[in-house]
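The UniProt record's numbering puts the first residue of the sequence shown at 1, with every later residue one more than the last.
By construction, the Cβ of each residue, glycine as well, lies at the ideal position given by its N, Cα and C atoms.
Everything on this sheet refers to the single structure shown next.
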Amino acid sequence: MTETSSSSTSISKDLPSEHVLAVKRFFESVGIHASLPQNSTSKDFYSDLFRDLFKAGHVQRGHVSCIVPVLPVVGNYYNGLHGGAVGAIAERASIACARTVVADDKKLFLGELSISYLSAAKLNEVLLVEGSVLKSGRNLTVVASEFRIKETKKLVFTSRATFYHMPAAKL
């Protein structure tokens, strides 16, 4: 091990220097050395980032729908909705749906979130996200969500979330 750029990064002597330089340039191009804004470390920054994307459609017991525009702030290199944003939206929509059937005094712990990426949602398209409670019991709630392009009704993503109720019910 030779040159280090930080205490946790080391570069092998066995790598050709042109490969090392290419990797270094890649990380610099994606902002690896850029500092994060101070507010990004504040409580609920994640919520602030996605809150303005959602517009509530309707809310019923066990079912929610919302409208989500695909804006450049959540876009990826290919001008589509970033996969991480899909996960964040799926989580928030699932929490909202679960909250329609779980008492307010119970905290929800996300135990599992699975997402199927079926197609791309391009920039400036509008998505209709519909979530439904599949099962809700004493200790867990399962929510399924579908993401469709509003104009064409094309299914682009699906998700399934399992929430554990905290504290768990005593038998």
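- Burial is judged here by how many other beta carbons sit within 10 angstroms of a residue's own beta carbon; Val86 has at least 16 and is buried.
- Setting aside the 5 residues that flank it on each side, Phe147 is surrounded in the same chain by Leu127, Val129, Val156, Phe157, each with a C-beta closer than 6 Å to its C-beta; the list follows chain order.
- Around the C-beta of Ala161, 16 or more other C-beta atoms lie within 10 Å, and the residue is accordingly described as buried.
- In the structure shown, Phe27 falls within a helical segment according to DSSP collapsed to helix, strand and coil.
- At the C-beta level, Glu125 and Val70 come within 9 Å of one another.
- Here DSSP, grouped into helix, strand and coil, assigns Ile11 to coil.
- Per DSSP, the beta bridge partners of Val129 are Cys66, Phe147.
- At the C-beta level, Gly80 and Ala144 stay beyond 9 Å of one another.
- Arg138 sits away from Val101, with the two beta carbons spaced by 9 Å or more.
- Close CB contacts of His82 within its chain, under the 8 Å cut and outside five residues either way in sequence, are with Val74, Gly75, Asn76 (chain order).
- Of the residues assessed, Arg92 falls on the buried side of the cut-off, its CB having 16 or more other CB atoms within 10 angstroms.
- For the 9 Å CB-CB criterion, Phe54 and Ile95 do not form a contact.
- Here Ala120 is not bridged, per DSSP, to any residue.
- Checking the DSSP bridge columns, you'll see His165 partnered with Leu108.
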